Amino acid sequence: MCLAIPAKVISVDGSNAMVSIEDVEYKASLLMLDDVRPGDFVMLHAGFAIEKVDPEEAAETLRLLNEIADSSPDSLIL
Amino acid sequence: MRYVDEYRNRELILALSEEVKKISKKEITLMEVCGGHTMAIHRFGLHSLLPSNIRLLSGPGCPVCVSSQHFLDTAIAYSKISGAIITTYGDLIRVPGSVSSLEKEKAKGADIRILYSVLEALEIAKNNPGRPVFFPGIGFETTAPATAAAIVQAKKENIVNFFVLSAHKIMPPVMKALVDEGVKINGFIAPGHVSAITGTAIYNELAAGYGLGVVVTGFEPVDMMQAILMLVRQIESGTPKVEIQYRRIVHPEGNRIAQALLIEVFNHKDDRWRGLGIIRESGLKIRKNFAGFDAEVKYPVSVPEPPDPKGCICGLILRGLKKPGDCRLFATTCTPSDPVGACMVSGEGTCATYYKYRR
Chain A
54 MCLAIPAKVI SVDGSNAMVS IEDVEYKASL LMLDDVRPGD FVMLHAGFAI EKVDPEEAAE
114 TLRLLNEIAD SSPDSLIL
Chain B
80 MRYVDEYRNR ELILALSEEV KKISKKEITL MEVCGGHTMA IHRFGLHSLL PSNIRLLSGP
140 GCPVCVSSQH FLDTAIAYSK ISGAIITTYG DLIRVPGSVS SLEKEKAKGA DIRILYSVLE
200 ALEIAKNNPG RPVFFPGIGF ETTAPATAAA IVQAKKENIV NFFVLSAHKI MPPVMKALVD
260 EGVKINGFIA PGHVSAITGT AIYNELAAGY GLGVVVTGFE PVDMMQAILM LVRQIESGTP
320 KVEIQYRRIV HPEGNRIAQA LLIEVFNHKD DRWRGLGIIR ESGLKIRKNF AGFDAEVKYP
380 VSVPEPPDPK GCICGLILRG LKKPGDCRLF ATTCTPSDPV GACMVSGEGT CATYYKYRR
């Protein structure tokens with residue numbers, strides 16, 4: 054029940070959107086968000102978009118993690 | 080899959096594991112509250128990546144698991160009302176009440192429909208005027224706003240045959256209750272999507288008042304390992320605080336629109352958690368001005384208090400005091416296809432998870 058999935062917004066129509074997860078489209082209610090545009094990613098939970106994915110924070114998280122990985126002595130072992 | 084695969088990167092997971100092993104010295108217990116986290120830990124085999132001095136404990140964050148039998152029995156009673164339509168998320172359909180389940184009632188002819196979104200229930204209500212449409216609402220702060228939005232929408236559209244039976248609950252009181260009860264926890268792996276809605280201020284008391292670290296965590300293995308590293312760093316340096324690991328989704332202030340929906344529609348009540356008893360101010364009750372949508376107000380039914388199933392120790396498991404293997408019913412009389420207790424019924428329940436990954 055906690056689970057939400059990142060989904061790409063394909064189109065917006067008032068308080069509803071069509072979103073895509075791996076090329077399958079779903080209807081999502083935007084009643085909990087404002088300013089959602091096609092191309093945004095949202096977290097889809099029980100038919101609602103509950104939050105937008107922040108691409109900058111996502112990139113920053115990965116950057117930080119890659120720093121940890123690069124400083125790890127085993128990082129070259131595949 | 081975008082925003083999923085990057086957080087399943089094996090190299091990153093292993094590097095985080097190395098870092099945790101390097102700095103983790105103390106014997107500590109970390110509790111993940113959310114059923115989604117319990118599942119992720121097992122599905123991705125994270126125990127094997129942690130040193131033996133770190134213990135992971137599963138808490139009661141599975142909404143299906145903590146919904147009382149009385150709630151299920153009430154929903155089943157509604158399904159027997161002439162003309163009634165029960166609309167529900169799929170999670171609830173197999174949960175056993177004291178005698179039956181919604182699935183069994185459906186097989187006997189009750190009109191029970193599985194929804195993807197609570198808003199579909201409004202459509203069903205509009206298409207079936209004169210028939211009461213019931214929605215048993217479970218879920219924490221991630222899901223309750225959807226119910227609130229549906230009630231607000233129903234009022235706007237003057238829908239008169241839509242009724243919510245609310246068993247929605249909130250997380251912070253139960254987290255606090257466990258600590259108050261003496262369950263030994265050094266830090267919390269806090270629920271990512273609940274926190275996306277609520278923001279992080281709700282955890283301040285746990286950090287400041289109880290000296291417990293709280294890290295708001297995502298659901299991919301990289302998220303979980305990073306969160307564990309953050310908690311270990313806090314504990315080893317004696318600096319417990321509230322931090323967000325899941326920064327791509329969670330902001331400190333949360334989702335203000337969803338919070339406003341919750342406040343508009345619900346107030347707090349003392350509530351019964353299956354296996355844990357009554358926890359103060361932990362349940363969401365529909366406000367008086369939306370009483371027209373409150374199933375308990377419009378269709379009061381008297382359902383006897385069911386006895387706890389004999390031998391079931393879900394309550395102790397939900398508190399993290401026992402493991403599924405300690406239960407004599409586990410994998411014998413209580414299995415995913417024939418569950419006795421809530422921990423086994425829900426796909427996220429501790430027993431269901433252990434059954435799938437650990438036997």
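Chains as they are written, first to last, in our numbering: chain A, 54 to 131; chain B, 80 to 438. Each residue gets a CB set at the ideal place from its N, CA and C atoms; glycine is no exception. All of these numbers come straight from a predicted model, not from anything done at the bench.
Checklist entry - Across which residues does DSSP place B:Leu136 in a beta bridge pair? => result Residue 136 of chain B sits at position 57 when you count from the first residue of the second sequence. Answer by DSSP bridge pairing, in chain order: B:Met110.
Next on the checklist: Just verifying my parser: in three-state terms, what is the DSSP assignment at B:Gly420?
Outcome noted: Counted from its first residue, the second sequence places residue 420 of chain B at position 341. Coil, per DSSP.
Item to check | Buried versus exposed, by CB contacts within 10 Å (16 or more), B:Val83 | outcome: Indexing the second sequence from 1 puts residue 83 of chain B at position 4. By the neighbour-count rule (16 or more Cβ atoms within 10 Å), B:Val83 is not buried but exposed.
Checklist entry - What does B:Tyr436 reach in chain A if we use C-beta pairs closer than 7 Å? => result As a position in the second sequence, residue 436 of chain B is number 357, starting the count at 1. For a Cβ distance threshold of 7 Å, nothing in chain A lies close to B:Tyr436: the least Cβ distance comes to about 17 Å.
Next on the checklist: I'd like to know whether the C-beta of B:Gln305 is nearer than 8 Å to at least one C-beta of chain A.
Outcome noted: Taking the second sequence and counting its residues from 1, one reaches residue 305 of chain B at position 226. So, interface residue.
Checklist entry - Of all the CB atoms in chain A, is at least one closer than 8 Å to the CB of B:Glu182? => result Taking the second sequence and counting its residues from 1, one reaches residue 182 of chain B at position 103. So no, B:Glu182 is outside the interface.
Checklist entry - Under 8 Å between C-beta atoms, does A:Met71 make it to chain B? => result Here residue 71 of chain A refers to the residue found at position 18 of the first sequence. Taking Cβ atoms only, chain B never reaches closer than 8 Å to A:Met71, which makes this a no.
Item to check | B:Ala119 to B:Glu299 span [Cα, whole Å] | outcome: Residue numbering aside, residue 119 of chain B sits at position 40 when the second sequence is read from its first letter. Residue numbering aside, residue 299 of chain B sits at position 220 when the second sequence is read from its first letter. Between B:Ala119 and B:Glu299, the alpha-carbon positions lie close to 7 Å from each other.
Item to check | Cα-Cα separation between B:Met309 and B:Gly317, rounded to whole angstroms | outcome: To locate residue 309 of chain B, count along the second sequence from 1; it is residue 230. To locate residue 317 of chain B, count along the second sequence from 1; it is residue 238. Cα atoms of B:Met309 and B:Gly317: separation of roughly 12 Å, rounded to the nearest angstrom.
Next on the checklist: I'd like to know if A:Pro91 contacts chain B, where contact means its C-beta is closer than 8 Å to some C-beta of that chain.
Outcome noted: Position 38 of the first sequence, counted from the start, is the residue given in the question as residue 91 of chain A. Taking Cβ atoms only, chain B never reaches closer than 8 Å to A:Pro91, which makes this a no.
Checklist entry - What's the gap between the Cα of B:Met304 and the Cα of B:Glu98? => result By one-based count along the second sequence, residue 304 of chain B stands at place 225. By one-based count along the second sequence, residue 98 of chain B stands at place 19. Taking the straight line from one Cα to the other gives about 10 Å.
Checklist entry - CA-CA distance, B:Pro270 and A:Asp88? => result Stepping through the second sequence from its first residue, residue 270 of chain B is reached at position 191. Stepping through the first sequence from its first residue, residue 88 of chain A is reached at position 35. Between the C-alpha atoms of B:Pro270 and A:Asp88 there is a straight-line separation of about 25 Å.
Next on the checklist: Taking 8 Å as the threshold (beta carbon to beta carbon), is A:Ser128 in contact with chain B?
Outcome noted: Here residue 128 of chain A refers to the residue found at position 75 when the first sequence is read from its first residue. Confidence in A:Ser128 is poor, its pLDDT being 48 and thus under 50, which makes the residue's placement unreliable; the coordinate value appears in the next sentence. Taking Cβ atoms only, chain B reaches closer than 8 Å to A:Ser128, which makes this a yes.
Item to check | DSSP-derived helix/strand/coil call for B:Glu322 | outcome: The residue labelled residue 322 of chain B in the question sits at position 243 within the second sequence. Strand at B:Glu322.
Item to check | At least three beta-carbon pairs within less than 8 Å, the region 128–144 of chain B to the region 102–112 of chain B | outcome: Between the region 128–144 of chain B and the region 102–112 of chain B, the count of C-beta pairs closer than 8 Å reaches three or more; the two stretches touch.
Checklist entry - At what residues does the alpha helix (DSSP H) containing B:His149 begin and finish? => result Translated into the one-based positions of the second sequence, residue 149 of chain B becomes position 70. Bounds of the alpha helix (DSSP H) holding B:His149 are 148–158.
Checklist entry - Can you tell me whether DSSP reads B:Asn346 as helix, strand or coil? => result Here residue 346 of chain B corresponds to residue number 267 of the second sequence, with the count starting at 1. B:Asn346 falls in the strand class under three-state DSSP.
Checklist entry - Comparing the C-beta of A:Ala102 with each C-beta of chain B, is any distance below 8 Å? => result Sequence index remark: in the first sequence, residue 102 of chain A carries index 49 (1-based). It does not: the Cβ of A:Ala102 has no partner Cβ on chain B nearer than 8 Å.
Next on the checklist: Cutting at 6 Å between CB atoms, please list the residues of its own chain near B:Gly176, excluding the five before and the five after it.
Outcome noted: On the second sequence, position 97 is the one that residue 176 of chain B refers to. Apart from sequence neighbours up to five positions away, the residues of its chain that approach B:Gly176 with a beta-carbon distance below 6 Å are Gln148, Leu151, Asp152, Ile155, ordered along the chain.
Item to check | B:Glu236 in three-state terms, based on DSSP | outcome: Residue numbering aside, residue 236 of chain B sits at position 157 when the second sequence is read from its first letter. Reduced to three states, the DSSP call for B:Glu236 is coil.
Next on the checklist: Beta-carbon within less than 7 Å of B:Thr432's beta-carbon, same chain only, minus the 5 sequence neighbours each way: which residues are those?
Outcome noted: By one-based count along the second sequence, residue 432 of chain B stands at place 353. Thr117, Met118, His121.
Item to check | Beta-carbon neighbours of A:Gly87, restricted to chain B and to distances below 8 Å | outcome: In the first sequence, counting from the first residue as 1, residue 87 of chain A sits at position 34. Strictly speaking, residue 87 of chain A in this sequence is Asp, with Gly absent from that position. By Cβ distance, chain B contributes Ile336.
Checklist entry - Just by C-beta distance, which residues in the region 109–124 of chain B are closer than 7 Å to chain E? => result Protein chains in the displayed structure are A and B, and chain E is not among them.
Item to check | Under 8 Å between C-beta atoms of B:Phe409 and B:Pro403 | outcome: Start at 1 with the first residue of the second sequence, and residue 409 of chain B comes out as number 330. Start at 1 with the first residue of the second sequence, and residue 403 of chain B comes out as number 324. Going by C-beta atoms, B:Phe409 is nearer than 8 Å to B:Pro403.
Next on the checklist: Need the endpoints of the beta strand (DSSP E) that A:Lys80 sits in, please.
Outcome noted: Within the first sequence, residue 80 of chain A is the residue found at index 27, counting from 1. Element bounds for A:Lys80: 77–82.
Checklist entry - How many angstroms separate the CA atom of B:Lys377 from the CA atom of B:Phe242? => result Position 298 of the second sequence holds residue 377 of chain B. Position 163 of the second sequence holds residue 242 of chain B. About 8 Å.
Checklist entry - Can you tell me whether B:Ile342 is buried or exposed, with buried defined as 16 or more other CB within 10 angstroms of its CB? => result Locating residue 342 of chain B in the second sequence gives position 263, where the first residue counts as 1. B:Ile342 should be labelled exposed.
Checklist entry - Counting along the chain, where does the beta strand (DSSP E) carrying A:Ile63 start and finish? => result As a first step, residue 63 of chain A is located in the first sequence; it is residue number 10 there, counting from the start. Annotation for A:Ile63: the continuous beta strand (DSSP E) segment containing it runs 58–66.
Checklist entry - Secondary structure at B:Tyr168, three-state DSSP: helix, strand or coil? => result By 1-based counting over the second sequence, the position of residue 168 of chain B is 89. Judged by DSSP in its simplified three-state form, B:Tyr168 adopts strand.
Checklist entry - The beta strand (DSSP E) spanning B:Thr296 covers which residue range? => result Translated into the one-based positions of the second sequence, residue 296 of chain B becomes position 217. That run of the beta strand (DSSP E) goes 292–296.
Item to check | Residue burial classification, B:Thr226 (beta-carbon count within 10 angstroms, cutoff 16) | outcome: The sequence position of residue 226 of chain B within the second sequence is 147, counting from 1. Per the 10 Å Cβ criterion, buried.
Item to check | Span of the alpha helix (DSSP H) around B:His272 | outcome: As a first step, residue 272 of chain B is located in the second sequence; it is residue number 193 there, counting from the start. Unbroken alpha helix (DSSP H) run through B:His272: 271–277.
Checklist entry - Would B:His126 count as contacting chain A if we go by Cβ distances under 8 Å? => result On the second sequence, residue 126 of chain B is found 47 positions in, with the first residue counted as 1. Closer than 8 Å: no.
Item to check | Nearest-angstrom Cβ-Cβ length linking B:Thr296 and B:Gln324, presumed shorter than 8 Å | outcome: As a working mapping, residue 296 of chain B is identified with position 217 in the second sequence. As a working mapping, residue 324 of chain B is identified with position 245 in the second sequence. Contact flag correct, Cβ pair sits at about 5 Å.
Item to check | Beta-carbon proximity of B:Gly399 to B:Val262, cut-off 8 Å | outcome: The count along the second sequence starts at 1 and reaches residue 399 of chain B at position 320. The count along the second sequence starts at 1 and reaches residue 262 of chain B at position 183. Yes, Cβ-Cβ distance for B:Gly399 and B:Val262 is below 8 Å.
Checklist entry - Taking the Cβ atom as the reference point for each residue, do B:Thr221 and B:Ile276 lie within a distance shorter than 8 Å? => result Position 142 of the second sequence, counted from the start, is the residue given in the question as residue 221 of chain B. Position 197 of the second sequence, counted from the start, is the residue given in the question as residue 276 of chain B. Yes, the Cβ-Cβ distance between B:Thr221 and B:Ile276 is below 8 Å.
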